[in-house]
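Engineer: Here's a structure for you.
Number of protein chains: 2
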Amino acid sequence: MAPKLINGKEVAARVREDLVQEIARLKQLGHTPGLAVVLVGDDPASQVYVGAKVKACAELGLYSQEWRLPADTTQEKLVELIHQLNADERIHGILVQSPPPPHIDEAAVILNIDPRKDVDGFHPANVAKLVLEDPTGFVPCTPLGCMELLRAAGVETAGKHAVVVGRSMIVGKPMANLLVSKAANATVTIAHSRTKNLAEVCRSADILVAAVGRPCMLGADCIKPGAVVIDVGINRIPDSSRPRGYRIVGDVDFDAVQGLCSAITPVPGGVGPMTIAMLMANTVKACRQIVGA
Amino acid sequence: MAPKLINGKEVAARVREDLVQEIARLKQLGHTPGLAVVLVGDDPASQVYVGAKVKACAELGLYSQEWRLPADTTQEKLVELIHQLNADERIHGILVQSPPPPHIDEAAVILNIDPRKDVDGFHPANVAKLVLEDPTGFVPCTPLGCMELLRAAGVETAGKHAVVVGRSMIVGKPMANLLVSKAANATVTIAHSRTKNLAEVCRSADILVAAVGRPCMLGADCIKPGAVVIDVGINRIPDSSRPRGYRIVGDVDFDAVQGLCSAITPVPGGVGPMTIAMLMANTVKACRQIVGA
């Protein structure tokens, strides 16, 4: 039987619709949520992401600033800009597009962002709030979007066994923390590159979250029949039949597993569209918390 | 076959021996590590713990301050003392004995401790450093002691499946973070009160860490033959045959599991003795980092 496709475009659209009302409420109180996006250098993919984020702000009627700095911008200059944005009352969210050029110490830059404006959820203060289950913190957008997809698809997490493959600070670890929290109550396993018997571990999952960044790495032997699969991977593989010469695939071998799982996020169109929607949600939340509205 | 008993008293003694050399080195450079222990109120158990910590300092030749404040001490007064200790150059570690009286907001107090002196590892800055795998951070003493026991017992963690039962901020969560880090490389499952089929989950563990606080909760059905068991529980149960009228048992039913596991920490004498040894280690580390020696 074909699995239920968890449609990230639809869920993201619903998240944005809910935000429209909240933004209208904040505007009536005299507050327009504002996001500053900072890009250092001219990485083409980063330019696309930054453009999409600024466009999403415009579509929702949010205030935004787009800062494109030359690739040779110094650490000092970048931190100076962060401090300026921290002090700018029109700005409630600050995001430095990753990865910056190699001469920039990204962790040190993030430490300079006011944690109340850290809508990417990368500042240590927000990392800790996630572990401590403090709801005023900011959670990284991708795992936050994964949780929203599970919720929208009506997937019960309490008492279920969730396996998160990947232990990055951006996806794997925060995802595991979200799933094990008292709000979700899943039993959570974190697997990674050093895990032995990875397929067997994955096969014990009621909910499988793949965040490894390796195309089609997880196949049919990784799926318990009826499992829910959240595929965070966005991998380019060569495909001469496509105009661009490549296509995008996930970390899960969709064709191999679709007959086994009960629900799955397609790639593209699953987790991908959620990230910017959750960034908008975090920016609105930051505004609400900063102005106390 | 009887399992190997992981002797916490012996391992703790070895940790302290190693510290003696490091303390001598620091003293030669003109620095004596100093710990301040703060107790609010007169809880008998807390008084015993505080006394033991101060005594451990004396035995190692560390400088210590013991602050016993009345139960009606205000939040403001307590925070004032914390600030004083933050500024005291003789003090490198600050510990507020938990739990404080109910009128004290413990989290708010901890936020006031200089993270460089937070030898309990409860400050959000240190919670984040553990997740981010920053070795300059402080890890809570009990999970740190559990890792030391595994190391001392020659237990390989890489590629092994570790199951941590319990998701507290003091033991379960930091223990899971330690085990999943690149330094340990275990595949880690966090189970808790909402886990279904707890025995089955535990039975998949090569390394089982019990931190639930319920006497003898985990029995033979929770043990994979050959597993290593770390029992963090310290529970009093009535026992009229003992002079005190009670005895101390762990979260694991020792008698039931000892024929199955390959190694186990006894209770008492396993994890318990490690906590103060790791507090001493954290205090020496804090001194080393603060003075840059």
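Listed in order, the protein sequences are those of chains E and Z. The numbering of the first sequence is my numbering, which starts it at -10 and goes up by one. The numbering of the second sequence is my numbering, which starts it at -10 and goes up by one. Yeah, the Cβ is synthetic: ideal placement off N, Cα and C, and Gly gets one too.
Kindly identify the DSSP beta-bridge partner or partners of residue 236(E).
Structural biologist: Here residue 236(E) refers to the residue found at position 247 of the first sequence. 226(E).
Engineer: For a contact defined as C-beta to C-beta under 9 Å, what are the partners of residue 158(E) on chain Z?
Structural biologist: As a first step, residue 158(E) is located in the first sequence; it is residue number 169 there, counting from the start. 120, 121 and 122, listed in chain order.
Engineer: Please report the Cβ distance between residue 207(Z) and residue 244(Z), rounded to the nearest whole angstrom; I am assuming they are in contact, meaning their Cβ atoms lie under 8 Å.
Structural biologist: Residue numbering aside, residue 207(Z) sits at position 218 when the second sequence is read from its first letter. Residue numbering aside, residue 244(Z) sits at position 255 when the second sequence is read from its first letter. Taking the Cβ atoms as the reference, residue 207(Z) lies roughly 12 Å from residue 244(Z), outside the contact range of under 8 Å.
Engineer: Taking the continuous alpha helix (DSSP H) assigned at residue 178(Z), which residues delimit it?
Structural biologist: To locate residue 178(Z), count along the second sequence from 1; it is residue 189. No alpha helix (DSSP H) contains residue 178(Z), which is instead part of the beta strand (DSSP E) from 176 to 180.
Engineer: Distance, Cα to Cα, residue 212(Z) vs residue 125(Z)?
Structural biologist: Walking along the second sequence from the start, residue 212(Z) turns up at place 223. Walking along the second sequence from the start, residue 125(Z) turns up at place 136. Near 35 Å, if we compare the C-alpha coordinates of residue 125(Z) and residue 212(Z).
Engineer: Rounded to the nearest angstrom, how far is the Cβ of residue 260(Z) from that of residue 131(Z), given a contact under 8 Å?
Structural biologist: For this step, residue 260(Z) is matched to residue 271 along the second sequence. For this step, residue 131(Z) is matched to residue 142 along the second sequence. Indeed, because the Cβ distance is near 7 Å, the residues count as touching under 8 Å.
Engineer: Where does residue 185(E) sit, in a helix, a strand or coil, going by DSSP?
Structural biologist: Stepping through the first sequence from its first residue, residue 185(E) is reached at position 196. Coil at residue 185(E), not helix or strand.
Engineer: Buried or exposed: where does residue 78(E) fall if 16 or more other Cβ atoms within 10 Å of its Cβ makes it buried?
Structural biologist: For the purposes of this step, residue 78(E) is taken as residue 89 along the first sequence, with counting starting at 1. By the neighbour-count rule (16 or more Cβ atoms within 10 Å), residue 78(E) is not buried but exposed.
Engineer: Within its chain, find whatever has a CB closer than 6 Å to the CB of residue 101(Z); leave out the 5 residues flanking it on each side and keep chain order.
Structural biologist: Here residue 101(Z) corresponds to residue number 112 of the second sequence, with the count starting at 1. 68 and 71.
Engineer: Identify the continuous alpha helix (DSSP H) that holds residue 83(E) and give its terminal residues.
Structural biologist: Your numbering for residue 83(E) matches position 94 in the first sequence. Residue 83(E) -> not in any alpha helix (DSSP H); beta strand (DSSP E) instead, spanning 82 to 85.
Engineer: When you compare each of 20(Z), 49(Z), 141(Z) and 191(Z) to residue -1(Z) by their alpha carbons, which one comes out closest?
Structural biologist: Reading the second sequence from its first residue, position 10 is the one you call residue -1(Z). The option with the nearest alpha carbon to residue -1(Z) is 141(Z).
Engineer: How would you write the range of the beta strand (DSSP E) that residue 218(E) sits in, first residue to last?
Structural biologist: Walking along the first sequence from the start, residue 218(E) turns up at place 229. Element bounds for residue 218(E): 217 to 220.
Engineer: Could you please give me the residues that DSSP links to residue 55(Z) through a beta bridge?
Structural biologist: Start at 1 with the first residue of the second sequence, and residue 55(Z) comes out as number 66. According to DSSP, residue 55(Z) bridges with 26(Z).
Engineer: By alpha-carbon positions, which one of 273(E), 263(E) and 65(E) ends up nearest to residue 136(E)?
Structural biologist: Position 147 of the first sequence, counted from the first residue, corresponds to residue 136(E). Measuring from the Cα of residue 136(E), the nearest candidate turns out to be 263(E).
Engineer: What does residue 116(Z) touch in chain E if you count any residue whose Cβ is under 7 Å from its own?
Structural biologist: For the purposes of this step, residue 116(Z) is taken as the residue at position 127 of the second sequence. Result: 117, 120 and 121.
Engineer: Judging by CA-CA distance, which residue of 108(E), 150(E) and 201(E) is the nearest neighbour of residue 179(Z)?
Structural biologist: In the second sequence, counting from the first residue as 1, residue 179(Z) sits at position 190. When each option's Cα is compared against that of residue 179(Z), the closest is 150(E).
Engineer: Is the separation between the beta-carbon of residue 160(E) and that of residue 221(E) shorter than 7 Å?
Structural biologist: Mapped onto the first sequence, residue 160(E) falls at position 171. Mapped onto the first sequence, residue 221(E) falls at position 232. In contact: residue 160(E) and residue 221(E) (Cβ atoms closer than 7 Å).
Engineer: Going residue by residue through the stretch -10 to 41 of chain E, where are the continuous alpha helix (DSSP H) segments of at least 4 residues, counting only ones entirely within it?
Structural biologist: -3 to 17
Engineer: To the nearest angstrom, how far is the alpha carbon of residue 210(E) from that of residue 194(E)?
Structural biologist: To locate residue 210(E), count along the first sequence from 1; it is residue 221. To locate residue 194(E), count along the first sequence from 1; it is residue 205. In a straight line, the C-alpha of residue 210(E) is about 12 Å away from that of residue 194(E).
Engineer: Between the beta-carbon of residue 197(E) and the beta-carbon of residue 152(E), is there less than 7 Å?
Structural biologist: By one-based count along the first sequence, residue 197(E) stands at place 208. By one-based count along the first sequence, residue 152(E) stands at place 163. It is a contact, given that the beta carbons lie within the stated cut-off.
Engineer: Look at the alpha carbon of residue 156(E) and the alpha carbon of residue 165(E), and state the distance between them as a whole number of angstroms.
Structural biologist: As a first step, residue 156(E) must be located in the first sequence, where it is residue number 167. As a first step, residue 165(E) must be located in the first sequence, where it is residue number 176. Rounded to the nearest angstrom, the two C-alpha atoms are 9 Å apart.
Engineer: Per DSSP, what kind of secondary structure is residue 209(Z) in: helix, strand or coil?
Structural biologist: Counting from 1 along the second sequence, the entry for residue 209(Z) is found at position 220. Residue state for residue 209(Z) is assigned as helix, using DSSP reduced to three classes.
Engineer: Answer with yes or no whether the minimum CB distance from residue 62(Z) to chain E is below 7 Å.
Structural biologist: By one-based count along the second sequence, residue 62(Z) stands at place 73. Output row for residue 62(Z): interface = no.
Engineer: Whole angstroms is fine: what's the gap from residue 66(E)'s alpha carbon to residue 60(E)'s?
Structural biologist: On the first sequence, position 77 is the one that residue 66(E) refers to. On the first sequence, position 71 is the one that residue 60(E) refers to. Each residue's alpha carbon lies about 12 Å from the other.
Engineer: Quick one: is residue 112(E) buried, meaning 16 or more other Cβ sit within 10 Å of its Cβ, or exposed?
Structural biologist: Within the first sequence, numbered from 1, the residue matching residue 112(E) stands at position 123. Classification of residue 112(E): buried, given that the 10 Å Cβ count is 16 or more.
Engineer: Let me know the secondary structure DSSP gives residue 197(E) once reduced to three states.
Structural biologist: By one-based count along the first sequence, residue 197(E) stands at place 208. In the structure shown, residue 197(E) sits in a strand (DSSP, three-state: E or B).
Engineer: Listed in chain order, which residues of the stretch 174 to 185 of chain E have Cβ atoms closer than 9 Å to some Cβ of chain Z?
Structural biologist: 174, 175, 176, 177, 178, 179, 180, 181, 182, 183, 184 and 185
Engineer: So, at 6 Å on beta carbons, what are the nonlocal neighbours of residue 214(Z) in its own chain, with the 5 sequence-adjacent residues on each side left out?
Structural biologist: The residue given as residue 214(Z) occupies position 225 in the second sequence. If we look at residue 214(Z) and ignore the five residues flanking it on each side, its Cβ neighbours are 249.
Engineer: Please classify residue 82(Z) as buried or exposed, where buried requires at least 16 neighbouring CB atoms within 10 angstroms.
Structural biologist: Counting from 1 along the second sequence, the entry for residue 82(Z) is found at position 93. Looking at its Cβ environment, which holds 16 or more other Cβ atoms inside 10 Å, residue 82(Z) is buried.
Engineer: With 9 Å as the limit, tell me which residues of the stretch 136 to 148 of chain E have their beta carbon closer than that to any beta carbon of chain Z; keep them in chain order.
Structural biologist: 147 and 148
Engineer: Three or more C-beta pairs closer than 8 Å, one from the stretch 48 to 62 of chain E and one from the stretch 13 to 23 of chain E: is that the case here?
Structural biologist: yes
Engineer: Using 7 Å as the limit for Cβ to Cβ distance, is residue 113(E) near chain Z?
Structural biologist: Locating residue 113(E) in the first sequence gives position 124, counting from the first residue. Yes, because at least one Cβ of chain Z sits closer than 7 Å to the Cβ of residue 113(E).
Engineer: What are the residues that DSSP puts in a beta bridge with residue 253(Z)?
Structural biologist: Here residue 253(Z) is taken as the residue at index 264 of the second sequence, counted from 1. For residue 253(Z), DSSP records a beta bridge to -6(Z) and 218(Z).
Engineer: Grab the span of the beta strand (DSSP E) containing residue 72(Z) for me, first residue to last.
Structural biologist: Taking the second sequence and counting its residues from 1, one reaches residue 72(Z) at position 83. Taken as a continuous stretch (DSSP letters only), residue 72(Z) belongs to no beta strand (DSSP E), being part of the alpha helix (DSSP H) at 64 to 76.
Engineer: Excluding the five sequence neighbours on either side, which residues of its own chain have a C-beta within less than 7 Å of the C-beta of residue 8(Z), listed in chain order?
Structural biologist: Stepping through the second sequence from its first residue, residue 8(Z) is reached at position 19. Excluding sequence neighbours, residue 8(Z) sits near 49, 269, 270 and 273.
Engineer: Using the rule of at least 16 other Cβ atoms within 10 Å of the residue's Cβ for burial, across every protein chain shown, is residue 181(Z) buried or exposed?
Structural biologist: Start at 1 with the first residue of the second sequence, and residue 181(Z) comes out as number 192. That one is buried.
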